[in-house]
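Notes follow once the structure below has been shown.
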Amino acid sequence: MYAVVRTGGKQYRVEEGAILTVATLEGEPGKEITFGDVLLLADGDAVKDAATAKVTGEIVSHGKGEKIIVFRYKNKTRSRKRTGHRSKTTTVRITKIEA
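Just add 100 to the spot in the sequence shown (first one is 1) and you have the working numbering.
This is how it looks when you write it as structure tokens:
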């Protein structure tokens with residue numbers, strides 16, 4: 101059985117026991133969270149009603165993503181600026197998918 105959930109403006113395909121890295125979520129490691137926005141629920145070839153489905157997970161850790169380099173350049177003036185950004189992430193282990 102798998103489900104498609106939406107969190108942080110992105111969609112993720114999850115199964116029980118899967119480890120997922122998403123945009124930062126509130127909560128301490130070890131705390132249980134529920135994804136209420138389930139878009140699809142499937143068991144093999146059968147698609148079930150996702151309106152009442154819930155996906156439960158446990159926060160494993162918080163961290164930072166890969167560094168993204170931002171480089172701005174203006175020609176003819178030798179003006180350039182280089183900065184970096186690392187987005188905050190949360191690692192979640194999916195524990196239960198309820199139909």
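Yeah, the Cβ is synthetic: ideal placement off N, Cα and C, and Gly gets one too. On a predicted model such as this, the values are computed, not experimentally measured, just so you know.
Practice item. Report the partner residues of Val-138 according to the DSSP bridge assignment. Key: Answer is Val-105.
Exercise for review: Would you be able to state if there are at least three C-beta pairs under 8 Å between the segment 173-183 and the segment 125-143?
Suggested key: Flag = no, the segment 125-143 and the segment 173-183 do not touch.
Exercise for review: Using a threshold of 8 Å, state whether the C-beta atoms of Val-105 and Val-147 are closer than that.
Suggested key: No, these two residues do not count as a Cβ contact at 8 Å.
Exercise for review: Indicate the three-state DSSP secondary structure (helix, strand or coil) for Leu-125 in the structure shown.
Suggested key: Residue state, collapsed to three classes: coil.
Review point. Is it the case that the Cβ atoms of Val-122 and Thr-195 are separated by a distance below 8 Å?
Key: No, the pair does not count as a contact, with Cβ atoms beyond the cut-off.
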